[in-house]
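J.:
In my numbering, the protein residues as written are 2 to 56.
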């Protein structure tokens with residue numbers, strides 16, 4: 002999620018292929034902090050945190 006709470010990426014089957022682009026516009030995301038949530042296939046494990054994108 003962007004700093005203002007907008008969804009910028011989502012995947013049901015992530016293959017380490019995301020290139021830092023907004024899923025709605027296709028544009029590279031600006032540098033800055035982004036919040037992430039990962040839910041594993043078993044729906045039991047949930048990982049949340051912040052990452053910083055450098056573009």
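Where is the CB? At the ideal position from N, CA and C, for every residue including glycine.
Just grab the DSSP bridge partners of residue 39 for me.
T.: 48, per the DSSP bridge assignment.
J.: Per DSSP, which residues does residue 53 bridge with? Please list them.
T.: For residue 53, which the question treats as bridged, DSSP gives the partners 34.
J.: Express the C-alpha separation of residue 33 and residue 9 in angstroms, rounding to a whole number.
T.: Each residue's alpha carbon lies about 13 Å from the other.
J.: Consider the C-beta atom of residue 44 and the heavy atoms of the ligand SAM; say whether any pair is separated by less than 7 Å.
T.: Annotation note on the ligand SAM: not contained in the displayed structure, which lists no ligands.
J.: Could you tell me how far apart the beta carbons of residue 36 and residue 2 are, in whole angstroms, since I believe they sit closer than 8 Å?
T.: Contact flag correct, Cβ pair sits at about 5 Å.
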